[in-house]
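Residue numbers (the working numbering): 35 to 150.
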């Protein structure tokens, strides 16, 4: 049982030693070994840059859309106010008089047609 624990400790120590025993010397023989890692790092850098540009583009588009919504809301309020003013009874009466229409003094009558 103790042997198993000792083997486990030795494996951990070997793993830690390998991590700290890194050789910083780059030779022709070591380049192919590091190439996949370097390519992975370059890929991550490109991905990071692309993400930054995408986020910036999205932010600018959002700002434009917010401004457009603000403008459309103001235009909507203006149009609504104009509609309310044009549908007032006194305004409708004045426009009707301009084109020659008058308000009826007596209620309308029904015309009945008998089928023969």
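Positions of the beta carbon are idealized from the N, C-alpha and C atoms, including for glycine.
None of the values given here were measured: they were computed from a predicted structure.
Span separating the alpha-carbon of residue i from that of residue j
i, j, result
"residue 99", "residue 108", "14 Å"
"residue 129", "residue 137", "12 Å"
"residue 80", "residue 116", "54 Å"
"residue 71", "residue 86", "23 Å"
"residue 127", "residue 96", "46 Å"
"residue 69", "residue 83", "21 Å"
"residue 93", "residue 73", "30 Å"
"residue 91", "residue 77", "21 Å"
"residue 135", "residue 122", "17 Å"
"residue 120", "residue 113", "10 Å"
"residue 88", "residue 63", "39 Å"
"residue 133", "residue 124", "15 Å"
"residue 103", "residue 131", "39 Å"
Check: residue i C-beta below 6 Å from any heavy atom of the ligand ZN
i, result
"residue 67", "Only the bare structure without any ligand can be found here, which leaves the ligand ZN out of the picture."
Item checked: Whole runs of the beta strand (DSSP E) within the segment 90-145, excluding any shorter than 3 residues -> With a minimum length of 3 residues, no continuous beta strand (DSSP E) run stays inside the segment 90-145.
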